[in-house]
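*Asks:* Structure incoming, see below.
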Amino acid sequence: MPFDGIATHAAGREIKERIKGNKISRVYQPTAEEVVIYFAGGERRPLLLCANANAPRIQFTKVSYDNPEYPPSFCMILRKYLLGGIVKDVYQLDFDRVIVLEIESLNEAGNLLKLMLTCEVMGKHSNVVLSDMQSGKIIDAVKHISGLKSSVRKIMPNFDYTFPPNEKLNPFDFDHSQALGLMTLSAQKSAEAAIAETFSGISKQFVRSFMFDYPEYNKTVGQMSPEDFGKMLPDFLGYLTKATLSDKSYIYKDSSGKYKDFSHSLYSFYGDYNKVEFDSFSDATDEYYMINAAVDSVKEKYSELIRNLSTLYDKEKRKLAVREKEREQAEDGELYNIYGNLILSNIYKIE
């Protein structure tokens, strides 16, 4: 499952419950795209903000990270502004894949700073951005996006910070006529695709689960009547609301034990899979990504081993071909040597 709006909602709710009002005690940046923050107070696990394109997320983690001897510049800036700061609020932006931490701290002169640490979980566009709420300016980000990389949105120090653009509708705050207009643009499109493309934070897997439980809507847009849409939207919103209120998260394993997916709220279409239930969203995502990272590491080492063996094999094959050619030349040389000796010993007979 991608880290969609439902996962982001679950993460935001859990983070808010556990660290709102707590003081930031330590900040680390173990990799170029990961930030780990510790808090003084009830929550002992650090908060991980990951902008890695392959596994972007925000969650509490039990994983112990190796920190570099010399902290990156972004880490030093976070420490300068955030250490000793108090988390005043945590919220999700318009059911999108964005979590905002509002933090108050004091600068070196003792003046109050109101800061915003934003985790944008956007696939390859994921980022962690620190900005000043009073000026609206970016202080720094884990990834700098210049005008050469994007003409739409620059993420650079001293630029105005704007949230990621989102043309979809907030499923909990939208105009029904506008939603119907967007969903009915293409008669050939499936109702499943129409929902996913209309509402913010809705993944294909979640809509697939909805359609599995409500097969009467498994049609193309052109096959649906206004009455069908009138029924489907409330059913979908009820289904979505139930998912956001869930206090359970799940990992799905196939018959071989391989971790295939995770979700917040149960997906019915994974009926044949083994399900592991978690009381904490962070526990589920931590387990899922930790196991997958280990599997990816093994795959990477296996691929590297195969590449090295292939290179060694090709090298030895070339060496063997050279040796074989030298052997053939040596055999020819011995024969020619015999011929030469015979000629020399009988040269007087040659006229």
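Under the working numbering, the first residue of the sequence shown is numbered -8, with each subsequent residue one higher. Even for Gly, the Cβ is constructed at its ideal location relative to N, Cα and C.
Determine, using beta carbons only, whether Pro148 and Ile130 come nearer to each other than 8 Å.
*Replies:* yes
*Asks:* Would Val289 be called buried (16 or more neighbouring beta carbons within 10 Å of its own) or exposed?
*Replies:* Confidence at Val289 is low in this model, with a pLDDT of 46, below 50, so the placement of that residue should be treated as unreliable; the coordinate-derived value is given next. Result: exposed.
*Asks:* Would Arg36 and Thr276 qualify as a contact pair, given that the criterion is a beta-carbon distance under 8 Å?
*Replies:* no
*Asks:* Once you ignore the five residues that flank Thr175 on each side, which residues in its own chain have a CB closer than 6 Å to its CB?
*Replies:* These residues qualify, in order along the chain: Val212.
*Asks:* Considering only residues of the region 204 to 282, which uninterrupted alpha helix (DSSP H) runs meet the minimum length of 4 residues and lie entirely inside it, listed in chain order?
*Replies:* 217 to 236
*Asks:* Quick one: residues in its chain with C-beta nearer than 8 Å to the C-beta of Ser336, no 5 flanking neighbours on either side, listed in chain order?
*Replies:* So the list is empty, once near-sequence residues are dropped.
*Asks:* Following the continuous beta strand (DSSP E) through Lys105, name the residue where it begins and the one where it ends.
*Replies:* Per DSSP, Lys105 belongs to the beta strand (DSSP E) from Leu103 to Glu111.
*Asks:* Just curious, the beta strand (DSSP E) that Leu173 is in, first and last residue?
*Replies:* For Leu173, no beta strand (DSSP E) encloses it; the enclosing alpha helix (DSSP H) starts and ends at His167 to Met174.
*Asks:* What three-state label does DSSP hand Arg314 in the structure shown?
*Replies:* helix
*Asks:* For Arg70 and Lys115, I'd like the C-alpha separation in whole angstroms.
*Replies:* 26 Å
*Asks:* Given 8 Å as the limit, is there contact between the region 161 to 170 and the region 130 to 145, that is, 3 or more CB pairs closer than that?
*Replies:* no
*Asks:* Name the DSSP bridge partner or partners of Thr(-1)?
*Replies:* Partner(s): none; Thr(-1) has no beta bridge.
*Asks:* Suppose the cutoff is 6 Å on Cβ atoms and the five residues either side in sequence are ignored; what does the same chain contact list for Tyr19 look like?
*Replies:* Val27 and Asn58
*Asks:* Tell me whether Thr189 is buried or exposed, calling it buried when 16 or more other Cβ atoms sit within 10 Å of its Cβ.
*Replies:* Result: buried.
*Asks:* By how many angstroms is the C-alpha of Ile146 removed from the C-alpha of Tyr230?
*Replies:* 36 Å
*Asks:* Under the DSSP definition of a beta bridge, which residues are partnered with Phe51?
*Replies:* According to DSSP, Phe51 shares a beta bridge with Leu38.
*Asks:* Quick check on Gly3: buried or exposed, where buried means 16 or more other Cβ atoms within 10 Å of its Cβ?
*Replies:* By the 10 Å Cβ count, Gly3 comes out buried.
*Asks:* Taking the alpha-carbon positions, what's the Gln214 to Phe269 distance?
*Replies:* 39 Å
*Asks:* Starting from Arg17 and walking both ways along the beta strand (DSSP E), at which residues does that stretch end?
*Replies:* Annotation for Arg17: the continuous beta strand (DSSP E) segment containing it runs Lys14 to Thr22.
*Asks:* Which residues does DSSP pair with Asp85 in a beta bridge?
*Replies:* Its beta-bridge partners do not exist; DSSP assigns none.
*Asks:* Can you look up Ala31 in the DSSP assignment and give me helix, strand or coil?
*Replies:* strand
*Asks:* Is Ala42 near Val143, with beta carbons less than 8 Å apart?
*Replies:* no
*Asks:* Using only alpha-carbon positions, find the residue among Phe65, Ser16 and Ala(-2) that is nearest to Glu25.
*Replies:* Phe65
*Asks:* Under 8 Å between the Cβ atoms of Phe51 and Leu40?
*Replies:* no
*Asks:* On the three-state DSSP scale, how would you describe Leu335?
*Replies:* helix
*Asks:* For Leu14, which residues of its own chain have a beta-carbon under 6 Å away from its beta-carbon, when the five flanking residues on both sides are left out?
*Replies:* Strictly speaking, residue 14 in this sequence is Lys, with Leu absent from that position. In its chain, beyond the 5 residues on either side, Ala31 and Ile77 have a beta carbon closer than 6 Å to the beta carbon of Lys14.
*Asks:* Where does Asp305 sit, in a helix, a strand or coil, going by DSSP?
*Replies:* helix
*Asks:* Quick one: what's Leu69 bridged to in DSSP?
*Replies:* Answer is none; Leu69 lacks a bridge partner.
*Asks:* Name the one or two DSSP bridge partners that Lys128 has.
*Replies:* Asp151
*Asks:* Are the beta-carbon atoms of Ser237 and His255 separated by less than 8 Å?
*Replies:* Yes, Cβ-Cβ distance for Ser237 and His255 is below 8 Å.
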